[in-house]
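Under UniProt numbering, the sequence shown has 364 at position 364, and the numbering climbs by one with no breaks. Presented below is the structure to which this report refers.
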Amino acid sequence: MRLGIVAYPGLGGSGVVAADLAHRLALRGHAVVMLATRRPFRLPENSPVRFVQVELPNYPVFPGPLYTLSLAGALRRAAREWGLEVIHTHYAIPHAAAAHLAASGAALVHTLHGTDVNLLGLDPAFREVTALALQTAAGVSAVSHSLAAQARVVYGVHPVVIPNAVDPERFHPRPYLKSRYVEAGEAMLLHASNFRPIKRVPDIVRAFAKVVRRGVRARLVLLGDGPEKPHVERTVRELGVERHVTFLPPTQHPEEVIGAADLFLLHSQEESFGLAALEALASGVPVVAARVGGLSEVVRDGVTGRLVELGDVEAQAEAITALLTSPELPRMRRAAREDAVARFHPDSVTKRYEALYAEVLFKA
Ligand code: GMT
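Structure below.
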């Protein structure tokens with residue numbers, strides 16, 4: 001097939017999912033063009049995917065760069081030049097509307113990722129036009145059942161659920177790297193994200209401080225960067241746990257940090273899927289997280305991790321302490337990896353997207 005894939009190129013999960021998918025599809029023999037404002041950081045240098053840069057021309061008469069319009073133009077040109085049969089966008093706002101506007105003749109498939117439904121999708125500035133684009137598309141998918149249910153309410157569409165995938169060859173246990181990050185005898189607790197307010201990273205620091213106060217020897221490694229980082233640093237200082245916390249900048253090789261951890265922590269306000277949690281599970285690292293959105297579809301409570309109520313920092317601290325001291329931890333680590341590999345293997349997920357493309361082309 002000749003496929004065009006659209007995504008945000010940054011650190012966000014939707015861009016990672018799109019770039020990984022584009023690369024796997026190209027390796028399976030499809031002609032794949034990826035369109036974004038810059039080369040997605042997760043697209044390998046030697047990838048057979050062709051990259052087309054979406055320019056952002058700005059003129060004094062505009063209130064700002066017109067991303068939607070330039071993307072629509074780039075899609076129309078790419079569809080003509082490469083004979084695209086399917087255009088597949090990741091993150092609906094504004095990608096679904098831009099693809100609709102391009103009227104390129106390719107079948108349109110849109111994958112919903114999270115805040116494009118339950119946050120920005122609620123904004124009257126975006127909702128109606130995005131709903132129109134989704135309702136008239138050939139196919140819509142969502143990364144979890146929880147998000148699909150929200151999309152039915154917000155946009156009046158019935159997405160097929162295709163979960164995100166994790167590469168088990170890349171994300172696997174790496175306990176031999178633990179000494180890079182923590183001292184001997186310390187447990188390594190990891191959180192990785194883009195430090196946006198929705199991630200509630202200060203709550204993770206609060207739970208961690210309670211764990212330390214219980215006398216557990218542990219280090220919290222915070223991997224990533226984003227707007228909330230100053231707030232997180234302040235919380236670390238206020239709780240007096242500076243000596244026990246390490247900040248790491250974003251890396252091209254998160255697998256080397258994730259695979260070394262003992263537990264992965266999340267306390268997001270909303271999480272349609274939780275790609276980082278899945279990467280942890282595949283790395284044999286159980287997850288302790290707030291029970292929100294699609295996380296209960298990724299983490300099996302009591303089997304591959306523990307889920308606590310949102311905002312219950314005390315319960316999260318208790319769950320962390322109990323797991324670190326439990327003889328069950330090695331069994332949970334094995335279960336985490338086995339479950340991630342069995343349910344979220346890239347081969348099966350890629351085949352599900354191929355089946356969706358085949359279905360929309362058949363209907364066209
Ligand atoms: O929706 C967002 O907030 C951004 C998006 C992204 O681009 O990172 O994240 C969402 O998509 C990821 C990939 O499908 C999911 O793993 C994240 O759970 C989801 N984020 C939220 O729902 C907050």
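From the three backbone atoms N, C-alpha and C, an ideal C-beta is built for every residue, glycine too.
For residue i, the three-state DSSP class (helix, strand or coil)
{"i": "Met188", "result": "strand"}
{"i": "Gln150", "result": "helix"}
{"i": "Val205", "result": "helix"}
{"i": "Ala290", "result": "strand"}
{"i": "Phe41", "result": "coil"}
{"i": "Arg2", "result": "strand"}
{"i": "Gly139", "result": "strand"}
{"i": "Phe62", "result": "coil"}
{"i": "Val161", "result": "strand"}
{"i": "Val33", "result": "strand"}
{"i": "Phe51", "result": "strand"}
{"i": "Ser144", "result": "coil"}
{"i": "Ala364", "result": "coil"}
{"i": "Leu182", "result": "It should be pointed out that residue 182 corresponds to Val in this sequence rather than to Leu. Of the three classes helix, strand and coil, the one that applies to Val182 here is coil, per DSSP."}
{"i": "Gly73", "result": "helix"}
{"i": "Ala131", "result": "helix"}
{"i": "Val16", "result": "helix"}
{"i": "Tyr8", "result": "coil"}
{"i": "Val166", "result": "coil"}
{"i": "His23", "result": "helix"}
{"i": "Glu81", "result": "helix"}
{"i": "Leu177", "result": "helix"}
{"i": "Leu56", "result": "coil"}
{"i": "Arg28", "result": "coil"}
Within 8 Å, strictly: CB atoms of residue i and residue j
{"i": "Leu265", "j": "Val288", "result": "yes"}
{"i": "Leu35", "j": "Leu71", "result": "yes"}
{"i": "Val17", "j": "His90", "result": "yes"}
{"i": "Met188", "j": "Ala260", "result": "yes"}
{"i": "Val285", "j": "Glu271", "result": "no"}
{"i": "Leu122", "j": "Ala98", "result": "no"}
{"i": "Gly13", "j": "Leu275", "result": "yes"}
{"i": "Ala207", "j": "Val49", "result": "no"}
{"i": "Gly139", "j": "Glu359", "result": "yes"}
{"i": "Phe126", "j": "Ala282", "result": "no"}
{"i": "Pro246", "j": "Val221", "result": "Reading off the sequence, residue 246 comes out as Thr, not Pro. Result yes, Cβ atoms of Thr246 and Val221 sit closer than 8 Å."}
{"i": "Ala79", "j": "Ser104", "result": "yes"}
{"i": "His335", "j": "Val303", "result": "As written in the sequence, residue 335 is Ala, which differs from the His given in the question. Cβ atoms of Ala335 and Val303: closer than 8 Å."}
{"i": "Ala107", "j": "Glu85", "result": "yes"}
{"i": "Val212", "j": "Val232", "result": "no"}
Best match in the options for proximity to residue i [C-alpha to C-alpha]
{"i": "Gly294", "options": "Ala148, Val160 and Val216", "result": "Ala148"}
{"i": "Phe195", "options": "Pro230, Phe208, Ala96 and Val211", "result": "Pro230"}
{"i": "Glu328", "options": "Gly121, Gly305 and Asn118", "result": "Gly305"}
{"i": "Val308", "options": "Ala336, Asp203 and Thr350", "result": "Asp203"}
{"i": "Glu186", "options": "Ala207, Leu263 and Ala131", "result": "Leu263"}
{"i": "Thr136", "options": "Pro124, Gly156 and Leu120", "result": "Gly156"}
{"i": "Gly215", "options": "Ala317, Val33, Lys178 and Phe41", "result": "Ala317"}
{"i": "Pro249", "options": "Glu359, Ala133, Pro44 and Ser193", "result": "Ser193"}
{"i": "Leu3", "options": "Pro44, Val52, Val299 and Pro9", "result": "Val52"}
{"i": "Leu112", "options": "Ala92, Asp347, Pro44 and Pro175", "result": "Ala92"}
{"i": "Lys363", "options": "Val109, Glu338 and Ala19", "result": "Val109"}
{"i": "Leu27", "options": "Leu239, His158, Asn46 and Gly10", "result": "Asn46"}
{"i": "His244", "options": "His253, Ala209, Pro124 and Asp225", "result": "Ala209"}
{"i": "Val117", "options": "Asp347, His267 and Phe273", "result": "Phe273"}
Integer-rounded CB distance, given that residue j should sit under 8 Å from residue i
{"i": "His345", "j": "Ala165", "result": "7 Å"}
{"i": "Tyr353", "j": "Ile87", "result": "With a Cβ gap of about 13 Å, Tyr353 and Ile87 do not count as contacting."}
{"i": "Ala6", "j": "His95", "result": "The residue asked about is misnamed: residue 6 is Val in this sequence, not Ala. With 8 Å as the limit, Val6 and His95 qualify as a contact, their Cβ atoms being about 5 Å apart."}
{"i": "Pro63", "j": "Leu56", "result": "So it is not a contact: roughly 13 Å between Cβ atoms."}
{"i": "Arg219", "j": "Val182", "result": "4 Å"}
{"i": "Ser146", "j": "Glu279", "result": "About 19 Å separates the two Cβ atoms, so there is no contact after all."}
{"i": "Ala19", "j": "Val32", "result": "Wrong, their Cβ atoms sit about 11 Å apart, outside the cutoff."}
Contact with chain C by residue i, beta-carbon distance below 8 Å
{"i": "Arg200", "result": "The structure shown contains no chain C, having only a single protein chain."}
Review point. Could you give the uninterrupted runs of the beta strand (DSSP E) lying entirely in the stretch 87 to 128, keeping only those of 3 residues or more?
Key: 107 to 112
Check your understanding: Which runs of the alpha helix (DSSP H) fall wholly inside the UniProt domain "Glycosyl transferase family 1" (185 to 334) and span at least 4 residues, in chain order?
Key -> 201 to 213, 229 to 238, 254 to 258, 275 to 282, 295 to 298 and 313 to 324
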